[in-house]
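Student: Just passing along the structure, written as structure tokens.
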Amino acid sequence: MSEVTTALLEKISTGTIHVGIVGLGYVGLPLALAFLERAKTKVTGFDVDERKVNLLNQGETYIMHMGKDRVRLANASGLFHATSNFDELCEPDALMIAVPTPLTAQREPDMKYVADTVSAIAKRLRRGQLIVLESTTYPGTTDELVRQSLDGSGLKCGEDYFLAFSPEREDPGNKHFNTATIPKIVGGVDADSGALATALYSLAIEQVIQVRSARVAEATKLTENIFRGVNIALVNELKMVYERMGIDIWDVLAAASTKPFGFMRFNPGPGLGGHCIPLDPFYLTWKAREYGMSTRFIELAGEININMPRYVVDKLQTGLNEARKPLKGSKVLVLGIAYKKDIDDPRESPSFELMHLLLERGAIVQYHDPHVLVAPSMRSWPHLPAMASQPLTKALLNAQDAVLIATDHTGVDYPLVLRESSLLIDTRGVYQNPEPNVLKA
Ligand SMILES: NC(=O)c1ccc[n+]([C@@H]2O[C@H](COP(=O)([O-])OP(=O)(O)OC[C@H]3O[C@@H](n4cnc5c(N)ncnc54)[C@H](O)[C@@H]3O)[C@@H](O)[C@H]2O)c1
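All residue numbers for the sequence shown refer to this note's numbering, where the first residue is 1 and numbers rise by one.
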């Protein structure tokens, strides 16, 4: 083990290491708090978004489920500060990168954010720094794209600086697991990098699992998300098949879930949402092409999941038809626009596609979401009109021709919704028993 490695290990084992997190979003902010709260290390947060930097430096948060108190305490500890001055990137001993990895309009990996961040680090890289990529990406990113850029500094990977990949498994809103209690996978591009990154995360995270390489770690994250995407598509397909047969998928899932082995429950829904599952699998599809391989399960699952909003709107249209009403000119209330229950994140939420399809067919659309009070302008649906959440009242429900439950937030008064709506489209299995005004979709 080199002198540089030993010095860094010493800083980790004594808790004197200075940690930097680049990208203070849904992944970066909880990670920063985990290091502050559990390891009591000095933490610098970097972000290009000055609004976030200013809020954090005032002890305020911008993510609903990240308790305000946690950020206030972090700020008061004197160990944390946020900055958009990237010259400070040379100060932390370890830098963890948690910037976005979206898809381009052609559904190819958009590596711009990672590339910009790594190039900003490369300009200031110093001997003895450990760099860890956390952003979800295709296998080979750390070893190829990131390493090449950092090597441009003239420093040598594995000797002067260290490099690893550690995927984030954050599940926003999950009451049972948080950043510190979700086991963490770590893979270094060489032995020293892997050992250092494992020691570093062990300061803040209960269980750290070191895998053989950064590529294994990258592939692990994609495998987890592909597994979810494919299984959600399967259950969505089964929902449509059983529906034709007059069988309720929710009854079937409740029964199948009693099997104590060999079955894992996934729920159907109006389509995929969030930053991860609709996007990440296509990172593998793109990389597989380089090896002359196709990813048929991923493509098929994508096709089924992408078509779900259209299936739901068709179902709603059928319900209105029964009541002799055309969708054109009908009033429709969408309940829930966050991509899943009890969070405030609307990214890639199928609710936006649902609203787009409803508006395209001439409906008059409003929404209610207790966690998303103003619908943000969305990259994939820039044409949607500006909208704000409507208070959920008897009068609002009575005025609708149909109410569409897209996200099943806990705080919503579902008995009121059932009582006061003439037609309800339930995509989340909120109402277990058959109800005359409820269509499951
Ligand atoms: N949100 C999740 O639940 C989740 C779970 C697992 C993995 N991931 C992955 O983690 C990564 C980050 O996702 P997220 O949800 O935290 O995204 P996010 O959009 O919430 O946060 C990313 C942050 O990075 C900042 N940023 C963008 N470019 C930057 C740059 N060049 N330098 C510094 N900061 C920059 C943005 O301003 C933003 O604050 C993605 O690769 C995502 O796929 C997300």
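We put the CB at the ideal spot given by N, CA and C, even for glycine.
Please classify T6: does DSSP put it in a helix, a strand, or coil?
Tutor: For the purposes of this step, residue 6 is identified with residue 6 of the sequence shown, where counting begins at 1. If DSSP states are grouped into helix, strand and coil, T6 belongs with the helices.
Student: Relative to the C-alpha of E360, which candidate in S330, S213 and C157 has its C-alpha closest?
Tutor: Taking the first residue of the sequence shown as position 1, residue 360 is located at position 360. Nearest of S330, S213 and C157 to E360, Cα basis: S330.
Student: Leaving aside the five residues before and after I12 along the sequence, list all residues of the same chain whose C-beta is less than 6 Å from its C-beta, in chain order.
Tutor: Start at 1 with the first residue of the sequence shown, and residue 12 comes out as number 12. A199 and L200, listed in sequence order.
Student: For T83, which beta-bridge partners are listed by DSSP?
Tutor: Within the sequence shown, numbered from 1, the residue matching residue 83 stands at position 83. For T83, which the question treats as bridged, DSSP gives the partners F46.
Student: What residue range does the alpha helix (DSSP H) around I298 cover?
Tutor: The sequence position of residue 298 within the sequence shown is 298, counting from 1. It spans R296 to E322 - the alpha helix (DSSP H) in which I298 sits, taken as one unbroken run.
Student: Report the residue ranges of all beta strand (DSSP E) runs contained in full by the region 386-430; include only those spanning at least 3 residues, in chain order.
Tutor: With a minimum length of 3 residues, the continuous beta strand (DSSP E) runs that stay inside the region 386-430 are 402-405 and 424-426.
Student: Rounded C-beta distance between A406 and P270? I'm assuming under 8 Å.
Tutor: As a first step, residue 406 must be located in the sequence shown, where it is residue number 406. As a first step, residue 270 must be located in the sequence shown, where it is residue number 270. Contact holds; Cβ gap of about 5 Å.
Student: Are there 16 or more other CB atoms within 10 angstroms of the CB of Y138, so buried, or fewer, so exposed?
Tutor: If you number the sequence shown from 1, residue 138 lands on position 138. With 16 or more other Cβ atoms within 10 Å, it is buried.
Student: In terms of alpha-carbon separation, which member of L56, L333 and T83 lies closest to R70?
Tutor: For this step, residue 70 is matched to residue 70 along the sequence shown. When each option's Cα is compared against that of R70, the closest is L56.
Student: Using only the alpha-carbon positions, how far apart do L454 and L423 sit?
Tutor: Nothing can be reported for residue 454: it is not among the residues displayed for the chain, which extend from 1 to 441.
Student: Just list the beta strand (DSSP E) runs in the region 122-164, keeping only unbroken ones of 3 residues or longer that don't cross its boundaries, in chain order.
Tutor: Runs of the beta strand (DSSP E) inside the region 122-164: 130-133.
Student: Short of 6 Å in beta carbon distance, which residues of its chain neighbour F165, apart from the five on each side in sequence? Order them along the chain.
Tutor: Looking up residue 165 in the sequence shown gives position 165. Closer than 6 Å at the Cβ level, and outside the excluded window around F165, lie L133, T142, G187, A214, A217 and E218.
Student: Note down the Cα distance separating L33 from P350, rounded to an integer number of angstroms.
Tutor: The residue given as residue 33 occupies position 33 in the sequence shown. The residue given as residue 350 occupies position 350 in the sequence shown. Rounded to the nearest angstrom, the two C-alpha atoms are 30 Å apart.
Student: Helix, strand or coil, according to DSSP, for Y291 in the structure here?
Tutor: Counting from 1 along the sequence shown, the entry for residue 291 is found at position 291. Note: Y291 maps to coil in three-state DSSP.
Student: Any heavy atom of ligand 1 within a distance shorter than 6 Å of the CB on L145?
Tutor: Counted from its first residue, the sequence shown places residue 145 at position 145. No, since every heavy atom of ligand 1 falls outside the 6 Å radius drawn around the Cβ of L145.
Student: Using 6 Å as the cut-off, classify the Cβ of D47 as near or not near the heavy atoms of ligand 1, replying yes or no.
Tutor: Indexing the sequence shown from 1 puts residue 47 at position 47. Correct: D47 has its Cβ closer than 6 Å to ligand 1.
Student: So which of H65, T44 and E435 has the shortest CA-CA distance to P92?
Tutor: The residue labelled residue 92 in the question sits at position 92 within the sequence shown. Nearest option by C-alpha distance: T44.
Student: Along the chain, where does the alpha helix (DSSP H) containing H176 start, and where does it finish?
Tutor: On the sequence shown, position 176 is the one that residue 176 refers to. From DSSP, H176 is part of no alpha helix (DSSP H); its letter is neither H nor E.
Student: For R310, count neighbouring C-beta atoms within 10 Å of its own C-beta (all shown protein chains included) and say buried if the count is 16 or more, exposed if not.
Tutor: Along the sequence shown, one-based indexing puts residue 310 at 310. Exposed is the call here.
Student: What is the DSSP secondary structure of P109, reduced to helix, strand or coil?
Tutor: The count along the sequence shown starts at 1 and reaches residue 109 at position 109. Residue state, collapsed to three classes: strand.
Student: Are the CB atoms of L358 and V332 within a distance shorter than 7 Å?
Tutor: Position 332 of the sequence shown, counted from the first residue, corresponds to residue 332. Position 358 of the sequence shown, counted from the first residue, corresponds to residue 358. Cβ distance < 7 Å, so V332 and L358 count as in contact.
Student: Can you tell me whether DSSP reads G20 as helix, strand or coil?
Tutor: For this step, residue 20 is matched to residue 20 along the sequence shown. It is a strand residue.
Student: Which residues in the same chain have their Cβ closer than 6 Å to the Cβ of R458, if we skip the five residues on either side of it in sequence?
Tutor: Look at the range of the chain in this structure, 1 to 441, and you will see that residue 458 is not part of it.
Student: Any heavy atom of ligand 1 closer than 6 Å to the Cβ of G140?
Tutor: To locate residue 140, count along the sequence shown from 1; it is residue 140. Every heavy atom of ligand 1 is 6 Å or more from the Cβ of G140, so no.
Student: Return helix, strand or coil for K52, following the three-state DSSP convention.
Tutor: Counting from one through the sequence shown, the residue named residue 52 turns up at place 52. It is helical.
Student: Mind reading off the beta-carbon distance from G274 to R347? Whole number of angstroms is fine, and I expect it under 8 Å.
Tutor: Counted from its first residue, the sequence shown places residue 274 at position 274. Counted from its first residue, the sequence shown places residue 347 at position 347. Indeed, because the Cβ distance is near 6 Å, the residues count as touching under 8 Å.
Student: Is N225 near D151, with beta carbons less than 7 Å apart?
Tutor: Position 225 of the sequence shown, counted from the first residue, corresponds to residue 225. Position 151 of the sequence shown, counted from the first residue, corresponds to residue 151. Not a contact, by the Cβ cut-off of 7 Å.
Student: For N75, which residues from the same chain have a beta carbon less than 6 Å from its beta carbon, with the 5 sequence-adjacent residues on both sides left out?
Tutor: Locating residue 75 in the sequence shown gives position 75, counting from the first residue. Cβ within range, chain order: G59.
Student: Are the region 314-331 and the region 259-269 in contact at 8 Å, needing three or more beta carbon pairs?
Tutor: The region 314-331 vs the region 259-269: no contact.
Student: Residues in the same chain with beta-carbon distance under 8 Å from C157, minus the five sequence neighbours each way, listed in chain order, please.
Tutor: Mapped onto the sequence shown, residue 157 falls at position 157. Counting only Cβ-Cβ distances below 8 Å, and skipping sequence neighbours, we find R147, L150, D151, L163, V189, D190 and S193.
Student: Comparing C-alpha positions only, which one of M387, K440 and P172 sits nearest to A402?
Tutor: The count along the sequence shown starts at 1 and reaches residue 402 at position 402. Closest option to A402, Cα to Cα, is K440.
Student: Tell me whether V252 sits in a helix, a strand or coil according to DSSP, three-state version.
Tutor: The residue given as residue 252 occupies position 252 in the sequence shown. It is helical.
Student: Comparing C-alpha positions only, which one of G154, Y26, I425 and S2 sits nearest to G173?
Tutor: For the purposes of this step, residue 173 is identified with residue 173 of the sequence shown, where counting begins at 1. Cα-wise, what sits closest to G173 is Y26.
Student: What separation, rounded to the nearest whole angstrom, lies between the Cα atoms of E322 and L284?
Tutor: Taking the first residue of the sequence shown as position 1, residue 322 is located at position 322. Taking the first residue of the sequence shown as position 1, residue 284 is located at position 284. In a straight line, the C-alpha of E322 is about 44 Å away from that of L284.
Student: CA-CA distance, C451 and T295?
Tutor: Lying before the first or after the last residue shown, residue 451 is absent from the chain, which here runs from 1 to 441.
Student: According to DSSP, what are the bridge partners of I185?
Tutor: Sequence index remark: in the sequence shown, residue 185 carries index 185 (1-based). DSSP output for I185 lists I209 as bridge partner(s).
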